[in-house]
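Asks:
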Amino acid sequence: MSQQIAAIILAAGRGARAGGGLPKQWRLLAGRPVVAHSLAAFRAAGIKRMVLVIHPDDRDRAQAVCDVDVACVEGGSDRGASVRAALEALAANAPPQKVLIHDGARPLVSRDLIAGVLAGLETSHAAAPGLAVIDALWQGAQGRVVASVPRAGLFRAQTPQGFDFETILQAHRAHAGGAADDVEIAASAGLGVAITRGSEDNFKLTYPADFDRAEKVLSQKQADQMDFRIGNGFDVHRFGPGEGCWLCGVLVAHDRGLQGHSDADVGMHALTDAIYGALAEGDIGRHFPPSEAQWKGAASDIFLRHACARMTARGYRIGNCDVTLVCERPKIGPYAVAMQHCLAGIMGCDTDRISVKATTSERLGFTGREEGIAALATVSLLRA
Ligand code: MG
């Protein structure tokens, strides 16, 4: 993701309700300052430019968490002034197109939640995560309920709140007086704000017990990350008459074709079997029996899409995959990048998670005699 998206992390508050003798954003959570978790979350989401807004007293603490991608800016007397200071700092030097503004005390923000806000910004000048209010709402006074408040259409606001940079900069410059958050400032400037999906885990550390809750969520996340799977796949198809071979979704010119029940895409079959293998869900033959005529001549992306759908349903995503084609001819090198892109499109992941390479077998064996092509694939699946 480019420098065109910047994130502002607000950490200038003095919030002492959380206890611990330090402003809450600087207390340790799982061995690191709270704000370091927030910075790491945006880094993991691909954000390459961040502004950390700090209190002047915290300059030394900030040094320890800042990296080349983080600029430190001193905040103002309230939240609005702190955001304004960060916006002006960004405006002064190669302003970004979009900005995400985040409470540093929400350290458990996820990559998916950030991606949801960015997706919202594709069709709206402003987008922010919210959670529908589920509980009944009361208005109380002196320990007694004085009224019930209709909850329909009410949301609990979260961050990061995302905006077109220039639009929110102008809105902040024009806004007089305080505001609960940047959505309020955007709305008061007449901006429509899209509501994206929030998360219960994206809570704001406020009270001492919130730290225990955050530690529990983090240790569960770590356990989930350790739960990764590996699978391998192997496939062979023989040469027959034809004018090219389907390999990893690309038609490769050749003086022969590959024979098989489907389109005989040996690379895609090995990869598909590696995914089924990682899930311990058998192989292509189990899900698409060759005895069934409907799969005759089928394009093999049907199989790969099915394996990826199973992967998603089981709660995994692609970590990486590596496909090796074994043949003397055709030469694979000129097609490898196209194959990588084709597989990435089918699997819905970044191309840098997919490797396609080839080797000969030194003219030995059936591949060496050019009787057919073999393919091997390895895949790792991570918890989604
Ligand atoms: Mg096959």
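Mapping of the sequence shown onto our numbering: residues 2 to 385, in sequence order. Even glycine gets a Cβ: it sits at the ideal position worked out from N, Cα and C. A quick note: this is a predicted structure, and the numbers were derived from the prediction, not measured.
When the Cα atoms are used, what is the spatial distance from K99 to E363?
Replies: Each residue's Cα considered, the two are about 53 Å apart.
Asks: Is D236 near the ligand MG - that is, is its Cβ less than 6 Å away from at least one heavy atom of it?
Replies: Checking the Cβ of D236 against the ligand MG gives yes.
Asks: Would you check whether the ligand MG has a heavy atom nearer than 6 Å to the C-beta of H173?
Replies: For the ligand MG, not one heavy atom lies less than 6 Å from the Cβ of H173.
Asks: Would you mind listing the beta strand (DSSP E) stretches within the region 124 to 199 that are 3+ residues and don't spill past its ends, in chain order?
Replies: Listed in chain order, they are 127 to 133, 138 to 142, 145 to 150, 156 to 158, 162 to 165, 195 to 198.
Asks: Per DSSP, D351 is paired with what?
Replies: DSSP output for D351 lists no bridge partner at all.
Asks: Please report how far the alpha carbon of V146 lies from the alpha carbon of D136, in whole angstroms.
Replies: About 15 Å.
Asks: Count the other C-beta atoms from every protein chain shown that fall within 10 angstroms of the C-beta of V338, then say buried if there are 16 or more, exposed otherwise.
Replies: V338 should be labelled exposed.
Asks: Would you mind stating whether A82 and G234 have Cβ atoms separated by less than 7 Å?
Replies: Cβ atoms of A82 and G234: not closer than 7 Å.
Asks: Per DSSP, which one or two residues make a beta bridge with D104?
Replies: D104 is bridged to L11.
Asks: Suppose the cutoff is 6 Å on Cβ atoms and the five residues either side in sequence are ignored; what does the same chain contact list for V150 look like?
Replies: Around V150: L138, Q140.
Asks: May I ask you to check if the CB of H270 is nearer than 6 Å to at least one heavy atom of the ligand GDP?
Replies: This structure simply doesn't include the ligand GDP; it includes the ligand MG instead.
Asks: By how many angstroms is the C-alpha of R354 removed from the C-alpha of F367?
Replies: Each residue's alpha carbon lies about 30 Å from the other.
Asks: Using CA atoms only, rank isn't needed, just tell me which of L382, G243, A41 is closest to M227.
Replies: It is L382 whose Cα lies nearest to the Cα of M227.
Asks: What does the alpha-carbon distance come out to for the pair A300 and C328?
Replies: Approximately 22 Å, taken between the alpha carbons.
Asks: Can the beta-carbon of D323 be found closer than 7 Å to that of S292?
Replies: Not in contact: D323 and S292 (Cβ atoms no closer than 7 Å).
Asks: Which residues does DSSP list as the beta-bridge partners of R44?
Replies: Beta-bridge pairing links R44 to no other residue.
Asks: May I have the straight-line CA-CA distance separating A195 from L122, to the nearest angstrom?
Replies: If I take the Cα positions, the gap works out to 8 Å.
Asks: State whether the region 32 to 46 contacts the region 74 to 92, with contact taken as three or more CB pairs (one from each stretch) at a distance under 8 Å.
Replies: Taking 8 Å as the limit for Cβ pairs, the verdict is that the region 74 to 92 does not touch the region 32 to 46.
Asks: Please classify I102 as buried or exposed, where buried requires at least 16 other C-beta atoms within 10 Å of its C-beta.
Replies: Looking at its Cβ environment, which holds 16 or more other Cβ atoms inside 10 Å, I102 is buried.
Asks: Kindly list the residues whose CB is nearer than 7 Å to the CB of I55, restricted to its own chain and excluding five residues on each side of it in sequence; keep chain order.
Replies: Excluding sequence neighbours, I55 sits near A12, A13, A63, C73, E75, G76.
Asks: Measure how close the beta-carbons of V35 and P130 come, nearest whole angstrom, since I'm counting them as under 8 Å.
Replies: Not confirmed; about 19 Å, so no contact.
Asks: Let's test the definition: count the other Cβ atoms within 10 Å of the Cβ of T160 and tell me whether it reaches 16, buried, or not, exposed.
Replies: Buried, by the Cβ-count rule.
Asks: Could you check what DSSP says for F304 in three-state terms: helix, strand or coil?
Replies: The answer is helix: DSSP assigns F304 an H, G or I state.
Asks: Short of 6 Å in beta carbon distance, which residues of its chain neighbour Q26, apart from the five on each side in sequence? Order them along the chain.
Replies: Answer for Q26: A12, V35, V36, G105, A106, listed in chain order.
Asks: Nearest to D182 by alpha carbon, out of A281, A175, Q162?
Replies: Selected option, being the one with the closest Cα: Q162.
Asks: Could you give the distance in angstroms between the alpha-carbon of N94 and the alpha-carbon of T168?
Replies: Each residue's alpha carbon lies about 17 Å from the other.
Asks: Buried or exposed, going by whether 16 or more other CB atoms sit within 10 Å of the CB of G250?
Replies: By the 10 Å Cβ count, G250 comes out buried.
Asks: How should V69 be labelled, buried or exposed, when 16 other C-beta atoms within 10 angstroms of its C-beta is the threshold for buried?
Replies: V69 is exposed by the Cβ-count criterion.
Asks: What is the rounded straight-line gap between the Cα of A87 and the Cα of T197?
Replies: Each residue's Cα considered, the two are about 24 Å apart.
Asks: What residue range is occupied by the uninterrupted beta strand (DSSP E) comprising E453?
Replies: Residue 453 lies beyond the range of the chain shown here (2 to 385); nothing can be said about it.
Asks: Quick check on this structure: which residue in A345, R287, I333 has the alpha carbon closest to the alpha carbon of C309?
Replies: Ranking A345, R287, I333 by Cα distance to C309 puts A345 first.
Asks: Just to confirm, are I333 and D302 a CB contact at a threshold of 7 Å?
Replies: It is not a contact, given that the beta carbons lie outside the stated cut-off.
Asks: Please report the distance separating the alpha-carbon of H270 from that of A215.
Replies: Using only the alpha carbons, I get a separation of about 43 Å.
Asks: Taking 7 Å as the threshold (C-beta atoms), are F304 and I285 in contact?
Replies: Cβ distance < 7 Å, so I285 and F304 count as in contact.
Asks: According to DSSP, is Y208 helix, strand or coil?
Replies: Residue state, collapsed to three classes: coil.
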